[in-house]
Each structure stands twice: as structure tokens, then as C-alpha cells.
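Chains as they are written, first to last, in our numbering: chain A, 150 to 337; chain B, 150 to 337; chain C, 150 to 337; chain D, 150 to 337.
There are 4 protein chains.
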Amino acid sequence: MARPRSDDKRAAITSAAVRVIALQGLSAATATIAKQAGVSNGSLFTYFETKSDLINQLYMELKAEMATAALNDLPAEGGTREQMLHMWSNWLRWATACPEKRRALAHLDVSDEITPASRQAASQAMSGVARLLQRSREQGPMREAPLGLVVGLMTALADATVDFMIRDPANADQHSRATFDALWRMVG
Amino acid sequence: MARPRSDDKRAAITSAAVRVIALQGLSAATATIAKQAGVSNGSLFTYFETKSDLINQLYMELKAEMATAALNDLPAEGGTREQMLHMWSNWLRWATACPEKRRALAHLDVSDEITPASRQAASQAMSGVARLLQRSREQGPMREAPLGLVVGLMTALADATVDFMIRDPANADQHSRATFDALWRMVG
Amino acid sequence: MARPRSDDKRAAITSAAVRVIALQGLSAATATIAKQAGVSNGSLFTYFETKSDLINQLYMELKAEMATAALNDLPAEGGTREQMLHMWSNWLRWATACPEKRRALAHLDVSDEITPASRQAASQAMSGVARLLQRSREQGPMREAPLGLVVGLMTALADATVDFMIRDPANADQHSRATFDALWRMVG
Amino acid sequence: MARPRSDDKRAAITSAAVRVIALQGLSAATATIAKQAGVSNGSLFTYFETKSDLINQLYMELKAEMATAALNDLPAEGGTREQMLHMWSNWLRWATACPEKRRALAHLDVSDEITPASRQAASQAMSGVARLLQRSREQGPMREAPLGLVVGLMTALADATVDFMIRDPANADQHSRATFDALWRMVG
DNA sequence: GATGAATGAGTATTCATTCAT
DNA sequence: AATGAATGAATACTCATTCAT
Numbered sequence: 150m151a152r153p154r155s156d157d158k159r160a161a162i163t164s165a166a167v168r169v170i171a172l173q174g175l176s177a178a179t180a181t182i183a184k185q186a187g188v189s190n191g192s193l194f195t196y197f198e199t200k201s202d203l204i205n206q207l208y209m210e211l212k213a214e215m216a217t218a219a220l221n222d223l224p225a226e227g228g229t230r231e232q233m234l235h236m237w238s239n240w241l242r243w244a245t246a247c248p249e250k251r252r253a254l255a256h257l258d259v260s261d262e263i264t265p266a267s268r269q270a271a272s273q274a275m276s277g278v279a280r281l282l283q284r285s286r287e288q289g290p291m292r293e294a295p296l297g298l299v300v301g302l303m304t305a306l307a308d309a310t311v312d313f314m315i316r317d318p319a320n321a322d323q324h325s326r327a328t329f330d331a332l333w334r335m336v337g
Numbered sequence: 150m151a152r153p154r155s156d157d158k159r160a161a162i163t164s165a166a167v168r169v170i171a172l173q174g175l176s177a178a179t180a181t182i183a184k185q186a187g188v189s190n191g192s193l194f195t196y197f198e199t200k201s202d203l204i205n206q207l208y209m210e211l212k213a214e215m216a217t218a219a220l221n222d223l224p225a226e227g228g229t230r231e232q233m234l235h236m237w238s239n240w241l242r243w244a245t246a247c248p249e250k251r252r253a254l255a256h257l258d259v260s261d262e263i264t265p266a267s268r269q270a271a272s273q274a275m276s277g278v279a280r281l282l283q284r285s286r287e288q289g290p291m292r293e294a295p296l297g298l299v300v301g302l303m304t305a306l307a308d309a310t311v312d313f314m315i316r317d318p319a320n321a322d323q324h325s326r327a328t329f330d331a332l333w334r335m336v337g
Numbered sequence: 150m151a152r153p154r155s156d157d158k159r160a161a162i163t164s165a166a167v168r169v170i171a172l173q174g175l176s177a178a179t180a181t182i183a184k185q186a187g188v189s190n191g192s193l194f195t196y197f198e199t200k201s202d203l204i205n206q207l208y209m210e211l212k213a214e215m216a217t218a219a220l221n222d223l224p225a226e227g228g229t230r231e232q233m234l235h236m237w238s239n240w241l242r243w244a245t246a247c248p249e250k251r252r253a254l255a256h257l258d259v260s261d262e263i264t265p266a267s268r269q270a271a272s273q274a275m276s277g278v279a280r281l282l283q284r285s286r287e288q289g290p291m292r293e294a295p296l297g298l299v300v301g302l303m304t305a306l307a308d309a310t311v312d313f314m315i316r317d318p319a320n321a322d323q324h325s326r327a328t329f330d331a332l333w334r335m336v337g
Numbered sequence: 150m151a152r153p154r155s156d157d158k159r160a161a162i163t164s165a166a167v168r169v170i171a172l173q174g175l176s177a178a179t180a181t182i183a184k185q186a187g188v189s190n191g192s193l194f195t196y197f198e199t200k201s202d203l204i205n206q207l208y209m210e211l212k213a214e215m216a217t218a219a220l221n222d223l224p225a226e227g228g229t230r231e232q233m234l235h236m237w238s239n240w241l242r243w244a245t246a247c248p249e250k251r252r253a254l255a256h257l258d259v260s261d262e263i264t265p266a267s268r269q270a271a272s273q274a275m276s277g278v279a280r281l282l283q284r285s286r287e288q289g290p291m292r293e294a295p296l297g298l299v300v301g302l303m304t305a306l307a308d309a310t311v312d313f314m315i316r317d318p319a320n321a322d323q324h325s326r327a328t329f330d331a332l333w334r335m336v337g
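In C-alpha cells:
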């Protein structure tokens with residue numbers, strides 16, 4: 150019967166948080182985020198109980214968005230390699246297209262504020278990607294390594310590649326492709 | 150402001166900083182670091198002009214120490230692959246043996262406080278490693294990619310592997326070796 | 150702002166306020182009181198214009214209730230001393246039977262938020278008690294002291310006695326009686 | 150070797166706290182107290198770890214000062230009654246002469262912030278007064294009541310009397326004397 | 001040079017009150 | 001009338017840095 154909580158406002162806050170955290174890191178003040186979102190500093194706390202809560206939710210949402218982007222429009226018919234290539238391109242394209250989200254995620258990923266539950270949720274969100282990687286390496290030289298290690302290596306390669314693509318955007322596609330080939334040599 | 154007297158005290162501060170930053174991240178208070186070092190909070194600022202200064206110097210020192218460790222006792226006679234393997238083992242062994250230094254470095258690496266000059270110096274310190282990688286990939290499939298990209302990929306792999314080795318120390322050597330083989334497939 | 154509809158709701162709020170203020174003091178949040186009352190935080194302000202208003206009304210109501218309890222069932226026939234004893238027992242019994250009301254009242258009594266008008270009303274509510282005391286001391290050693298002083302002393306004795314009765318409930322009646330005798334020696 | 154903590158500054162803070170708390174109650178901001186003391190808000194926290202700490206120390210100091218004032222210059226030769234009268238006069242004189250300390254103490258006394266340890270220390274400080282009261286009531290009608298109760302009653306009488314003396318300063322001495330006689334009738 | 005007290009700007013969070021629904 | 005989201009001022013406490021001793 151009262152004014153309902155607004156999804157728009159919540160989205161404005163998370164989106165502002167992405168921008169501010171990308172720029173200033175996690176030491177950004179909640180008041181700065183609220184102002185960026187066009188919301189009073191008090192309101193931020195009706196949508197997120199604590200700053201830590203905001204950070205964790207943001208982390209999970211960005212990870213989920215990244216995973217969803219990576220798996221978008223996978224060619225159902227194609228072989229594993231083709232699917233991997235598609236996923237890889239999706240992933241790196243998303244990351245280079247949303248540099249603020251990516252930078253925010255980089256800050257979030259190393260933060261001690263992220264709870265194990267949030268990490269768990271993020272890894273859950275990435276499970277589709279992990280399954281695809283699993284199929285890719287099934288016959289390959291890393292077939293006996295722990296899947297967690299292989300996922301970690303792939304993620305590391307993706308991050309490092311995106312760093313480079315952002316620094317040298319003119320040849321971004323070449324770098325993306327070169328690293329995919331390298332990845333495939335590693336696991337395929 | 151004048152040149153400080155005691156090298157011991159400076160070392161005590163950086164060493165304390167490693168421990169404290171590994172534990173608390175870069176938001177650790179300078180007073181906490183000073184106390185860990187057995188030094189007054191005021192004294193910290195006669196050895197480092199600002200907190201940012203301390204952070205940057207620590208970054209450069211840790212990177213240099215890591216690079217030195219990686220290049221230690223390279224087999225002068227051996228082939229490139231053998232040298233790479235030796236270097237890789239050195240690197241990962243150092244990182245797993247000094248988890249606090251590694252953890253501190255992880256925090257430092259992602260910080261906006263690190264100046265371009267410090268990054269430059271760090272990359273300078275890693276130039277020996279880079280040269281070895283350059284020789285390794287000279288005939289390989291990544292011979293045409295920018296060296297910076299290839300160095301970035303190798304570093305990313307090393308970091309991800311160390312993460313995994315620390316989580317699963319019983320099989321650390323296996324993981325180290327598996328990732329080296331993967332790296333060699335990528336570039337060799 | 151218009152006259153509110155439900156007396157029940159008003160009562161629920163004051164009763165919740167007693168409980169919460171007894172526990173947390175006057176710094177208790179209005180939202181906490183509203184929730185205890187099973188009412189929205191906004192609604193509290195249709196029954197009481199401000200927090201200060203709630204506090205003052207609560208003060209007057211509790212004082213009035215205490216006075217009413219004290220004068221309940223006075224023996225019309227008995228002498229002054231007998232009436233005083235009856236009143237004293239009523240008073241202390243009420244206070245020990247409603248520890249939350251008493252504790253809330255203690256917080257309210259000392260607050261700067263209570264207006265002179267509220268204090269005046271409270272003293273009005275106590276006038277029956279004051280009249281009885283007046284009769285009691287009419288021939289006694291304090292017959293010339295200002296009545297306000299004598300009332301203040303009696304109130305102070307009552308409060309202090311209740312404190313002790315609550316700490317040592319096994320002998321509550323003895324303490325009540327001992328203090329009454331002391332009071333009578335003072336004034337009777 | 151560094152600037153030592155200054156007793157003067159500590160005293161300035163407690164003294165400012167007395168004034169501000171007397172006026173605004175315990176909800177007074179630490180920044181207000183610091184400003185009154187002519188000290189930065191940060192400095193307050195080098196002398197008192199938390200606001201709660203300040204409050205507790207203030208409580209103990211004021212209680213001790215009050216007790217010391219009460220026992221000042223007791224006539225060693227005189228009888229118990231004479232000593233009691235002297236103590237009573239000291240006590241009420243101190244309280245009326247330092248109305249701010251008294252008012253602050255009133256706020257402190259009812260606060261939940263005061264720890265049991267602080268209450269214990271305060272009661273320790275009052276032990277001299279308690280012993281004198283003990284001698285006074287030894288042969289009197291309250292000889293069998295718990296001493297704690299009797300001390301509580303005396304304290305309550307003192308507080309109530311001071312209230313009245315402050316409201317009617319012209320006859321302060323008369324009130325003081327009238328209440329002493331009442332007290333002596335109660336216990337002597 | 002060494003110490004640690006002094007400073008005051010900065011931060012997350014709370015809360016009385018208002019107002020859209 | 002009832003609800004609960006919106007507001008923004010207020011608060012205890014922290015911390016990098018300076019400076020008196």
C-alpha cells in the first residue's frame with residue numbers, strides 16, 4: 150500500500166557503483182555512489198543493508214552477466230571447438246565493451262569483502278562455461294588435471310588478454326584470436 | 150626528509166608492511182604497520198614520505214625479488230626449454246614459499262596507487278624473464294604476437310597456478326609441471 | 150494530523166514504547182517502537198506528532214497510572230496513618246509489579262525532553278497523594294517545610310525502596326514496611 | 150621522548166564533558182565536548198578510547214569528588230550525630246555549588262552505559278560515607294535493615310533536597326537542615 | 001633521528017520525519 | 001488512514017600526516 154521499492158532505483162545504484170568502483174576502487178564512499186545514482190545516501194541502505202552487501206551483490210550480478218554474455222547464442226550444431234571459440238569471443242567482447250564493469254569486477258575479485266557464499270554463487274554462474282571447457286579438454290593433454298585448475302588458467306588467460314586488448318584496441322580481434330589458439334593448444 | 154640512518158629499520162617496515170598488507174589489504178593503517186615493525190608511527194614517515202610511497206617501493210622490491218628468485222641458478226648450458234622449466238619452477242616455488250609476499254603483491258598489483266613509473270620499473274625487473282620467454286617463443290606459434298601479450302599470459306598462468314598450488318599443496322609439484330607443459334604448448 | 154481513529158493502535162504504541170524504552174532508554178528509535186507495536190513507522194506519527202510528543206504523553210500517562218494505583222481502595226474510615234500505609238503499599242506494589250513501566254518512568258523522569266507543562270500535569274496527577282501527605286505531616290516535625298520538598302523526599306524514598314525491593318524480592322515486603330516506618334518518623 | 154600526554158588537556162576534556170552533558174544529556178556529541186574543551190575531535194580519543202570510556206571515567210571521578218567533598222574536615226572529636234551533620238552539609242553544599250557536576254552526575258547515574266565495575270568503584274568511593282551512616286544507625290530503628298537500603302535512602306534524600314535547594318536557593322540552608330533532621334529521625 | 005600526541009577531514013550507518021501510493 | 005520508501009543531517013570513530021619534545 151506504500152510506495153514500493155523501485156527496481157529502477159536499485160539498478161541505478163548498482164550501475165553507479167560499477168562506475169564509481171571502476172574509478173576509485175572499493176574504498177569509494179557509499180555517499181559518492183548514492184550521489185552518482187541520483188539517490189540520497191540514506192536510500193542506498195534501504196536497497197542494500199551494508200556496503201559489504203552491496204559489494205557482494207554487485208559481484209554476483211557482474212559475474213552472472215559475464216557468464217550469460219559468454220554463453221549467448223552458442224552454435225548448437227557446431228563442434229566443441231567451434232563452441233569454445235564462440236564463447237571465447239563473446240566473453241572477451243563483453244569485457245572489452247564494458248570496461249567499467251570489467252574494472253569493477255577486477256577490484257571485487259581480489260577483495261576480502263567477498264564472502265565464500267558469493268564466490269560459490271559466482272562459480273555456479275560460470276558452470277556452463279566450465280562444462281564447455283570440460284568437454285574441450287576431455288581428450289586433450291590436460292584431461293587429468295583438476296578441472297578447477299584448468300578453469301582458473303582459462304580465466305587468467307581471458308583477463309590478461311582483455312587487458313591487452315584494451316591497451317591496443319586496434320588489434321583487439323587479432324589478440325583475441327591468438328589467445329584462443331593458445332588456449333586450444335593448452336587444452337584441446 | 151634527510152636520508153634516514155638505519156637500513157634495518159627500513160627493512161623492518163617493509164617486512165611488516167608485507168605481513169600486514171597480506172592480512173588486511175591496502176587499507177591497512179600505517180600505524181598498524183609501524184607497530185608491527187616495532188617503530189613509532191612518526192618514524193615510518195622518515196623512511197617513506199607517504200603511504201603511497203611505501204606502497205610503490207614495496208611493489209618494486211617484491212617484483213624485483215620475485216624476478217631474481219625466478220632467474221636464480223639458471224642452467225647456463227641447457228637448452229631454452231630446460232631454462233624455462235627451471236625458471237618456472239623457481240618462480241612458483243618462491244611464490245608458494247612466501248605466501249605473504251605473494252598475497253601482498255596481489256593486492257599491490259591491482260591497486261590504483263601504483264604509479265606508471267613503478268609498473269615500468271617492475272617490468273624492467275622482469276626483463277630477464279621476458280628475454281627468456283622471447284627466446285622460447287621465437288620459433289613457436291606465438292612468434293608474431295606482441296611480446297607484452299605473451300608475457301602477460303605467462304604471468305597470468307603463473308598466478309593462477311600458484312593459487313591452485315596453495316589450495317592443494319599435496320599436489321603442488323604436479324600442478325606446477327602440468328601448467329609448465331601447457332605454457333610450452335602455448336608458446337614453445 | 151486529524152484525530153486518529155483507533156484507540157487500540159494508540160494504546161499499542163504507548164505500550165510498546167514502555168517496553169522498548171525500559172530496555173533501551175530514550176534513545177530507542179521510533180521505528181523500533183512502531184515495530185513492537187505492530188504498526189508501521191509512518192503510523193506512529195499520525196498518533197503522536199513527534200517523538201517528543203510521544204515521550205511527554207507517555208510520561209503523563211505513566212505518572213497518572215502510578216498515582217491512581219497508589220490511591221486505589223483507600224480505607225475511607227481509617228486514620229491518616231492507616232491511609233498512608235495503604236497508599237505506600239499500593240505504590241510500591243504497583244512499581245514492583247510493573248518493572249517495565251517503572252524503568253521507563255525512570256528514564257522519562259530524568260529527560261530534558263519532558264516539558265514543564267508535562268511536569269505540571271504529573272504533579273497534578275499526584276495531588277491526591279500530596280494531599281494525604283499534607284494531612285500526615287500537619288502535626289509533625291516537618292509541618293513548616295514547603296510541601297513540595299516533603300513530597301520530593303517521599304517520592305525519593307519510594308523510588309529508592311523500589312530499587313532495593315527489585316534487587317532483593319524475597320524480602321520486598323519487609324523493606325516496604327521498614328521504609329514506611331522511616332517515612333512516618335520523618336513526617337508523622 | 151615525544152610530547153607527553155597532558156593532564157591539563159585531559160582535565161579540559163572531562164570538565165567540558167561535565168558542562169556539555171549537564172546541558173544536553175548523554176546524547177551530547179563527542180565533537181561538541183571536544184570543541185568546548187578547545188581540543189580537536191580526534192584528540193578526545195587519545196585520552197579516552199571510546200565515548201563510553203569517557204562516560205565511565207567521568208562517572209567515577211565525579212562520584213569520588215563528591216565523596217571526598219562530603220568527608221572533608223570531619224570533626225574528629227565530635228559525636229556521630231555531629232559528624233553526620235557536618236558530612237551532610239558538606240555534601241549538599243558541594244552539590245549546590247557545582248550544579249553542572251550534579252546535573253551531569255544525574256544523567257550518568259541512570260545511564261545503561263555505566264558498567265558494573267564503575268558502579269562498584271563509585272560505591273567504593275562512598276564507603277567512608279557508608280561507614281559513618283553505619284555508626285549513626287547502629288542503635289537506631291533501622292539497625293536491622295540492610296545497609297545498602299539505608300545508604301540508598303540517604304542518597305535519595307540528599308538528591309531530592311539538593312533539587313529543592315537549587316529551586317529555592319534563598320532558603321537552601323533551612324532545607325538542608327530540615328532534611329538532616331528528618332534523616333536523623335529515620336536512622337539515628 | 002625518534003617518538004607519539006595533535007589534527008581534522010572522511011566514512012558507514014542511523015533515525016526522525018515526510019510523502020507518494 | 002495506513003504503509004514503508006525517501007531524505008539528509010548527525011554521529012562515533014579512524015587515519016595519514018605534522019610537529020613539539
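Ideal Cβ placement from N, Cα and C applies to all residues, glycine included.
Cross-chain neighbours of residue i in chain C, by beta carbon under 8 Å
| i | result |
| --- | --- |
| alanine 177(D) | Within chain C, no residue comes near alanine 177(D); the closest Cβ sits about 11 Å away, beyond 8 Å. |
Cross-chain neighbours of residue i in chain A, by beta carbon under 9 Å
| i | result |
| --- | --- |
| proline 290(B) | Ala327, Asp330, Ala331, Arg334 |
Selected residue, minimal CA-CA separation from residue i, among the options
| i | options | result |
| --- | --- | --- |
| arginine 242(A) | Gly297(A), Asp157(A), Thr310(A) | Thr310(A) |
| proline 295(A) | Thr179(B), His324(B), Thr304(B) | His324(B) |
| leucine 193(B) | Gly187(B), Ala183(B), Lys250(B) | Ala183(B) |
| alanine 216(D) | Arg280(D), Arg316(D), Ala321(D), Ser285(D) | Arg280(D) |
| asparagine 239(B) | Ala246(B), Leu207(B), Glu226(B), Ala218(B) | Ala218(B) |
| arginine 159(B) | Ser176(B), Gln185(B), Gln173(B), Leu175(B) | Gln185(B) |
| serine 267(C) | Ile162(C), Glu249(C), Tyr208(C) | Tyr208(C) |
| serine 201(D) | Leu220(D), Glu262(D), Ala321(D) | Glu262(D) |
| arginine 286(D) | Arg230(D), Met314(D), Ala165(D) | Arg230(D) |
| leucine 257(C) | Glu210(C), Thr245(C), Phe313(C), Leu302(C) | Glu210(C) |
| aspartate 128(D) | Met314(C), Gly297(C), Arg326(C) | Any property of residue 128(D) remains undetermined from this structure, which presents chain D solely from 150 to 337. |
| alanine 246(A) | Gly289(A), Thr181(A), Met314(A) | Met314(A) |
| alanine 274(D) | Lys212(D), Pro290(D), Pro248(D), Arg251(D) | Lys212(D) |
| valine 300(C) | Ser276(C), Asn320(C), Asp312(C), Ala321(C) | Ser276(C) |
| glutamate 214(A) | Ile204(A), Val188(A), Arg251(A), Ser189(A) | Arg251(A) |
| isoleucine 204(A) | Ala319(A), Ser272(A), Ala171(A), Glu226(A) | Ala171(A) |
Exposure of residue i, with buried meaning 16 or more beta-carbon neighbours within 10 Å
| i | result |
| --- | --- |
| aspartate 308(A) | buried |
| arginine 292(C) | exposed |
| alanine 151(C) | Summary for alanine 151(C): the model assigns pLDDT 46, below 50, so the residue's position carries little reliability, and this model does not support an answer. |
| aspartate 222(C) | exposed |
| glutamine 206(D) | buried |
| aspartate 312(A) | buried |
| alanine 166(A) | buried |
| alanine 180(D) | exposed |
Cross-chain neighbours of residue i in chain D, by beta carbon under 8 Å
| i | result |
| --- | --- |
| aspartate 312(C) | Gly301 |
Near the ligand PLP: residue i beta-carbon under 7 Å from a heavy atom
| i | result |
| --- | --- |
| glycine 174(A) | The ligand content of the structure shown is nil, which means the ligand PLP is not present either. |
Neighbouring residues, chain D, relative to residue i (Cβ below 7 Å)
| i | result |
| --- | --- |
| leucine 298(C) | Phe313, His324 |
Amino acids of chain C, ordered along the chain, whose beta-carbon sits closer than 7 Å to that of residue i
| i | result |
| --- | --- |
| alanine 305(D) | Ala305, Leu306, Asp308, Ala309 |
| alanine 294(D) | Ala327 |
Beta-carbon neighbours of residue i, restricted to chain A and to distances below 8 Å
| i | result |
| --- | --- |
| glycine 174(B) | Ser260, Asp261 |
Closer than 8 Å at the beta carbon, the chain B residues around residue i
| i | result |
| --- | --- |
| histidine 256(A) | Val259 |
Under 8 Å: do the stretch 266 to 282 of chain A and the stretch 219 to 237 of chain A share three or more Cβ pairs, one atom per stretch? Enough Cβ pairs lie closer than 8 Å, so yes.
Is the stretch 155 to 175 of chain C touching the stretch 194 to 206 of chain C, taking contact as three or more C-beta pairs under 8 Å? Here the stretch 155 to 175 of chain C lies against the stretch 194 to 206 of chain C, with 3 or more beta-carbon pairs under 8 Å apart.
Check whether the stretch 169 to 177 of chain B and the stretch 325 to 336 of chain A are in contact - that is, three or more C-beta pairs closer than 8 Å. The stretch 169 to 177 of chain B, when compared against the stretch 325 to 336 of chain A, does not touch it at the 8 Å Cβ threshold.
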